[in-house]
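Numbering (the numbering used here), first residue to last: 652 to 885. Glycine included, each C-beta is placed from N, C-alpha and C at the ideal position. Computed from a predicted structure; not experimentally measured. Below: the structure, in structure tokens.
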């Protein structure tokens, strides 16, 4: 697919963690802090994160919908149990506080400001709770016009419900939006299934693209978006 010969979007929607906010770095720090408090040691953060990630995504798919705070806490307990480590009363609190304070990537705030000056409206669509993401949004220079969370939509990406909820809340159709994201597993799956335009910010994390989907454009960092759009005549 290509963005050539498509119309200028009214809104740009963004995945938050990994796209705007330094997710991998912050999550590694949070997990390292949790593991340091466990007796015995022997489990490194990368190993733990692989197990945690599996449980987190499984819990997000379960019905009825649970808050991200509950999902994260449940995934932590399951991962710790699987790896033979005791759960602590504040493990989930450590994680969610760390998430809320994760900073943006270096180029993000300036790029969002430039996109705003060029007339785009900006919305974040994220698999989290309102109170957790508030700390991250506060670091984005006041450029975000709207925030849509899994808590509001009662659904997690890649479910179509969270995207349809967002489009309804913004008063647009999918053809009036370009989505900008870093996650093949979540956002590309939805783009493939729902047919919305999608720009992939491939930050070199090693996440593999889907075998049956190609984003409309691929960039290394967010500051490539304004030149890309300018080249399209938008």
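Using C-beta distances below 7 Å, list every residue in its chain close to residue i, excluding the 5 sequence neighbours before and after it, in chain order.
{"i": "residue 811", "result": "841, 844, 845"}
{"i": "residue 680", "result": "749"}
{"i": "residue 677", "result": "749, 750, 753"}
{"i": "residue 683", "result": "696"}
{"i": "residue 747", "result": "720, 723, 783"}
{"i": "residue 790", "result": "754, 755"}
{"i": "residue 821", "result": "662, 774, 797"}
{"i": "residue 729", "result": "706"}
{"i": "residue 867", "result": "652, 653, 654, 848, 849, 850"}
{"i": "residue 745", "result": "681, 684, 685"}
Leaving aside the five residues before and after residue i along the sequence, list all residues of the same chain whose C-beta is less than 6 Å from its C-beta, in chain order.
{"i": "residue 742", "result": "685, 727"}
{"i": "residue 837", "result": "808, 809"}
{"i": "residue 874", "result": "758, 762"}
DSSP state of residue i, grouped into three classes?
{"i": "residue 777", "result": "strand"}
{"i": "residue 753", "result": "coil"}
{"i": "residue 848", "result": "strand"}
{"i": "residue 865", "result": "coil"}
{"i": "residue 816", "result": "helix"}
{"i": "residue 870", "result": "strand"}
{"i": "residue 705", "result": "helix"}
{"i": "residue 858", "result": "coil"}
{"i": "residue 662", "result": "strand"}
{"i": "residue 811", "result": "helix"}
{"i": "residue 672", "result": "strand"}
{"i": "residue 830", "result": "strand"}
{"i": "residue 657", "result": "coil"}
{"i": "residue 795", "result": "coil"}
Residue i: buried (16+ other C-beta within 10 angstroms of its C-beta) or exposed?
{"i": "residue 819", "result": "exposed"}
{"i": "residue 856", "result": "exposed"}
{"i": "residue 848", "result": "buried"}
{"i": "residue 712", "result": "exposed"}
{"i": "residue 671", "result": "buried"}
{"i": "residue 707", "result": "buried"}
{"i": "residue 646", "result": "Limits of the chain in this structure are 652 at one end and 885 at the other, which puts residue 646 out of reach."}
{"i": "residue 701", "result": "exposed"}
{"i": "residue 732", "result": "exposed"}
{"i": "residue 688", "result": "exposed"}
{"i": "residue 740", "result": "exposed"}
{"i": "residue 862", "result": "exposed"}
Would you mind giving the Cβ-Cβ distance between residue i and residue j, rounded to the nearest angstrom? I have them listed as a contact below 8 Å.
{"i": "residue 781", "j": "residue 802", "result": "5 Å"}
{"i": "residue 851", "j": "residue 869", "result": "5 Å"}
{"i": "residue 778", "j": "residue 703", "result": "Incorrect: roughly 14 Å between the Cβ atoms, too far for contact."}
{"i": "residue 673", "j": "residue 883", "result": "Not confirmed; about 28 Å, so no contact."}
{"i": "residue 799", "j": "residue 776", "result": "5 Å"}
{"i": "residue 833", "j": "residue 666", "result": "6 Å"}
{"i": "residue 877", "j": "residue 765", "result": "5 Å"}
{"i": "residue 662", "j": "residue 772", "result": "5 Å"}
{"i": "residue 657", "j": "residue 828", "result": "Not confirmed; about 11 Å, so no contact."}
{"i": "residue 839", "j": "residue 860", "result": "7 Å"}
For residue i, I'd like the list of residues in its chain whose CB is within less than 8 Å of its CB, leaving aside the five on either flank, ordered along the chain.
{"i": "residue 691", "result": "736"}
{"i": "residue 675", "result": "669, 856"}
{"i": "residue 794", "result": "760, 763, 764, 766, 767, 773"}
Is residue i near the ligand FMN, judged by its Cβ being under 6 Å from some heavy atom?
{"i": "residue 714", "result": "Questions concerning the ligand FMN fall outside what the structure shown contains, since it holds no ligand whatsoever."}
Exercise for the section: Taking only runs that begin and end inside the segment 690-742, name each unbroken beta strand (DSSP E) of 3 or more residues, in chain order. Expected result: none
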